[in-house]
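K.L.:
After the structure tokens below, expect a handful of questions from me.
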Amino acid sequence: MKIAMIGTGYVGLVSGACFSDFGHDVVCVDKDESKIDALHAGRMPIYEPGLDALVAANVAAGHLSFTTDLATAVAGADAVFIAVGTPSRRGDGHADLSYVFGAAEELAATLDHGCVIVTKSTVPVGTGDEVERILRESAPTRAHSVASNPEFLREGAAIGDFKRPDRIVIGTEDARGEAVLREVYRPLFLNEAPILVTRRRTAEMIKYAANAFLATKITFINEIADLCEAVGAEVQDVARGIGLDNRIGAKFLHAGPGYGGSCFPKDTLALLKTAQDHDVPLRLVEATVQANDLRKRAMGRKIVQAMGGSARGKTVALLGLTFKPNTDDMRDSPSLAIVQTLLDAGARVTAYDPEGMVIAAPMMPEVEMQQSAYAAADGAHAVAIVTEWDAFRALDFDRLGGVMADRLLVDLRNIYRRDEVLRHGFRHIAIGSSAE
Ligand SMILES: NC(=O)c1ccc[n+]([C@@H]2O[C@H](COP(=O)([O-])OP(=O)(O)OC[C@H]3O[C@@H](n4cnc5c(N)ncnc54)[C@H](O)[C@@H]3O)[C@@H](O)[C@H]2O)c1
0 MKIAMIGTGY VGLVSGACFS DFGHDVVCVD KDESKIDALH AGRMPIYEPG
50 LDALVAANVA AGHLSFTTDL ATAVAGADAV FIAVGTPSRR GDGHADLSYV
100 FGAAEELAAT LDHGCVIVTK STVPVGTGDE VERILRESAP TRAHSVASNP
150 EFLREGAAIG DFKRPDRIVI GTEDARGEAV LREVYRPLFL NEAPILVTRR
200 RTAEMIKYAA NAFLATKITF INEIADLCEA VGAEVQDVAR GIGLDNRIGA
250 KFLHAGPGYG GSCFPKDTLA LLKTAQDHDV PLRLVEATVQ ANDLRKRAMG
300 RKIVQAMGGS ARGKTVALLG LTFKPNTDDM RDSPSLAIVQ TLLDAGARVT
350 AYDPEGMVIA APMMPEVEMQ QSAYAAADGA HAVAIVTEWD AFRALDFDRL
400 GGVMADRLLV DLRNIYRRDE VLRHGFRHIA IGSSAE
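Structure representation (structure tokens):
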């Protein structure tokens, strides 16, 4: 099959590379020349494990190419995927659909044959109808089919998620859209990935409902963690105790500094906006959004509290800045609010992140970026683990403590056992534990 991918970001590039690896011919297009130039030079514009090798192999095999020219990309395509960004619209939280509609308008002006147009971007219910209207109005005689195929990959594990998905959701209003998408994903059906074919609006809703549920699950365990601290219980044991129940499931029960990233924050807001527009209260999601927002700054205060309630004249070293490990994505990372709270409290802040510092540095100019955990900890009164990169899972505590002003570890990801930390003369503050 011949596939065009509009938008070569975290989703478009991974999806395009994986489709080409299935044997399809894929052209990825992006407006951002620097991304396409980098890809032409064999450099990845994002950090995603395994992506460079996957891209290189499929470019060499002649299945994958990159361009800034939409017309070249879509010429003769059987399916055109729209994988552009849908950030929060300033002011009301609605998904900003200008990139999606912009791509649809460009397509309407460019496509000279009927084909299947698929929104892979996360878009509010009804967006497919609007994309269809845009295409139909400009070229009423061309037979396009507009489908929804939401993407569920996770940054940091994106290739594995794409190639071994829990499910594939296809939302269509006609047989042609379903037939083409079944063909696109055929290699995965052979691996028995479950496929769910629904109406287009239902597929659009599934993506938001999934993200809102996961955000709620995280927020639930975070609030239980706060209660554990107050009553003398251990949240990790509580999480295990409830997660072993098959009806609940163990995933997304890790208490931490609050969810961030490019999806949950904006998608929960967009879902709430849709619900408000239709006069349907989603109280659980509202509470989740509010609790999570408050939590991020509360984590900064937790660090200040651990230093005796005052941060003035003190240095805090943050280990990890990205919203999760194995990505360089800083969008809505909890570290942004934590840094601001620490700076507001008068702290000097240093940081080290294995992949995120290039993007993070301009977002937090006051933070002194260092080249290792130990350099960041030099002279620090507290080290706080903000992101659970593997690089922080086996810290040399003697070396760390040797350069710090005070031996204090605030483990916002609960990656260390208390006895291990205490053994090296550190104080240890974790999430959801009353012990010190
Ligand atoms: N990042 C994730 O983990 C993830 C997971 C699932 C779903 N999604 C959804 O996928 C969509 C894309 O997310 P992302 O993280 O890949 O975004 P991104 O910002 O990394 O990439 C979007 C790309 O689209 C390009 N673009 C915008 N308009 C264009 C146009 N008209 N023509 C060509 N290129 C254009 C931009 O230059 C950018 O490179 C969003 O709706 C997001 O919610 C993201």
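Here numbering that gives the first Met the number 0 is used: the sequence shown runs in plain steps of one and ends on residue 435. C-beta: ideal position from N, C-alpha, C; glycine also.
Taking A376 as the reference, which of R239, A429, T267 and Y351 has the closest Cα?
P.N.:
Checked all of R239, A429, T267 and Y351; the closest Cα to A376 is Y351.
K.L.:
What would DSSP say about D410, mapped onto helix, strand or coil?
P.N.:
Three-state DSSP puts D410 in a strand.
K.L.:
Nearest to A208 by CA position, among R330, P123 and V28, is which residue?
P.N.:
Taking only the C-alpha atoms, the option nearest A208 is P123.
K.L.:
Mind checking who Y351 pairs with in its DSSP beta bridge?
P.N.:
According to DSSP, Y351 bridges with L318.
K.L.:
At a cut-off of 8 Å, would you count Y9 as near ligand 1, judging by its Cβ distance to the nearest heavy atom?
P.N.:
Yes, the Cβ of Y9 comes within 8 Å of a heavy atom of ligand 1.
K.L.:
Would you check if the segment 224-241 and the segment 188-201 touch, i.e. whether three or more CB-CB distances between them fall below 8 Å?
P.N.:
With the cut-off at 8 Å, the segment 188-201 and the segment 224-241 do not touch.
K.L.:
Nearest to A40 by alpha carbon, out of D244, S332, F65 and N413?
P.N.:
Residue F65 is the option with its Cα nearest to A40.
K.L.:
Distance, Cα to Cα, M43 vs T7?
P.N.:
Taking the straight line joining both Cα atoms gives about 11 Å.
K.L.:
Going by Cα to Cα distance, which pick from K216, A211, G61 and I116 is closest to V179?
P.N.:
Considering only alpha carbons, the answer is I116.
K.L.:
What do you get for A174, buried or exposed, if any count of 16 or more other CB atoms within 10 angstroms of its CB means buried?
P.N.:
Looking at its Cβ environment, which holds fewer than 16 other Cβ atoms inside 10 Å, A174 is exposed.
K.L.:
Please identify the residue among D328, S87, L134 and G113 whose C-alpha is closest to the C-alpha of E104.
P.N.:
Closest option to E104, Cα to Cα, is L134.
K.L.:
With distances taken from CA atoms, which of L341, D77 and M4 is nearest A305?
P.N.:
Comparing Cα-Cα distances from A305 to each of L341, D77 and M4, the minimum goes to L341.
K.L.:
Since T287 contacts T197 with CB under 8 Å, what's their CB separation in whole angstroms?
P.N.:
The pair is not a contact, with the Cβ atoms about 25 Å apart (cut-off 8 Å).
K.L.:
Hey, is T267 close to ligand 1, as in C-beta under 8 Å from one of its heavy atoms?
P.N.:
No, ligand 1 has no heavy atom inside 8 Å of this Cβ.
K.L.:
Go ahead and label A379 buried or exposed: buried means 16 or more other beta carbons lie within 10 angstroms of its beta carbon, across all protein chains shown.
P.N.:
So A379 counts as buried.
K.L.:
Looking at ligand 1, does it come within less than 8 Å of D395, judged from the CB to the closest heavy atom?
P.N.:
Every heavy atom of ligand 1 is 8 Å or more from the Cβ of D395, so no.
K.L.:
Can you give me the C-alpha to C-alpha distance between L270 and P149, rounded to a whole angstrom?
P.N.:
So the alpha carbons of these two residues sit roughly 15 Å apart.
K.L.:
Which residues in the same chain as I241 place their Cβ atom closer than 6 Å to its Cβ, once the five residues preceding and following it in sequence are excluded?
P.N.:
Answer for I241: I247, listed in chain order.
K.L.:
Can you find a heavy atom of ligand 1 that lies under 8 Å from the Cβ of P149?
P.N.:
The answer is yes for P149.
K.L.:
Just to confirm, is the Cβ distance from L110 to H143 under 9 Å?
P.N.:
In contact: L110 and H143 (Cβ atoms closer than 9 Å).
K.L.:
Work out the CA separation of G15 and L53 for me, nearest whole Å.
P.N.:
Those two C-alpha atoms are separated by around 10 Å.
K.L.:
Measure the CB-CB distance between E333 and V385 and report whether it falls below 9 Å.
P.N.:
It should be noted that the sequence gives Pro, not Glu, for residue 333. It is a contact, given that the beta carbons lie within the stated cut-off.
K.L.:
Of all the options G431, V409, R412 and L399, which has the alpha carbon lying nearest to the alpha carbon of H423?
P.N.:
Taking only the C-alpha atoms, the option nearest H423 is L399.
K.L.:
Pick helix, strand or coil for T66, following the three-state DSSP scheme.
P.N.:
DSSP places T66 in strand when its eight states are reduced to three.
K.L.:
Jot down the residue ranges of each uninterrupted alpha helix (DSSP H) in the segment 192-249, minimum 4 residues, whole runs only, in chain order.
P.N.:
Counting whole runs of 4 or more residues, the segment 192-249 contains the alpha helix (DSSP H) stretches 199-230 and 234-242.
K.L.:
Rounded to whole angstroms, how far is the Cβ of A381 from the Cβ of L407, which I believe are closer than 8 Å?
P.N.:
Indeed, because the Cβ distance is near 4 Å, the residues count as touching under 8 Å.
K.L.:
What does DSSP give as the partner residue(s) for T118 in the beta ladder?
P.N.:
The partner list for T118 (beta bridge, DSSP) reads I81 and S147.
K.L.:
Should I5 be counted as a contact of ligand 1 given a C-beta to heavy atom distance under 8 Å?
P.N.:
Correct: I5 has its Cβ closer than 8 Å to ligand 1.
K.L.:
Confirm the yes/no value for this check: CB of A82, any heavy atom of ligand 1, distance under 8 Å.
P.N.:
Yes - ligand 1 has a heavy atom lying nearer than 8 Å to the Cβ of A82.
K.L.:
Nearest-angstrom Cα distance between E439 and K34?
P.N.:
What the structure shows of the chain is the stretch from 0 to 435, and residue 439 is not part of that stretch, so it cannot be assessed.
K.L.:
Nearest by alpha-carbon distance to F263: which of T118, V348, F322 and L187 is it?
P.N.:
It is F322.
K.L.:
DSSP state of D24, grouped into three classes?
P.N.:
Of the three classes helix, strand and coil, the one that applies to D24 here is strand, per DSSP.
K.L.:
Can you name, in chain order, every residue of its own chain whose Cβ lies under 6 Å from the Cβ of S147, other than the five neighbours on each side?
P.N.:
Counting only Cβ-Cβ distances below 6 Å, and skipping sequence neighbours, we find T118, G127, G170, R199, A202 and E203.
K.L.:
Run the CB neighbour count on P280, radius 10 Å, all protein chains shown included, and call it buried at 16 or more, exposed below.
P.N.:
Per the 10 Å Cβ criterion, exposed.
K.L.:
So for A383, helix, strand or coil by DSSP?
P.N.:
The answer is strand: DSSP assigns A383 an E or B state.
K.L.:
With distances taken between CB atoms, is the gap from K162 to L187 smaller than 9 Å?
P.N.:
Yes, Cβ-Cβ distance for K162 and L187 is below 9 Å.
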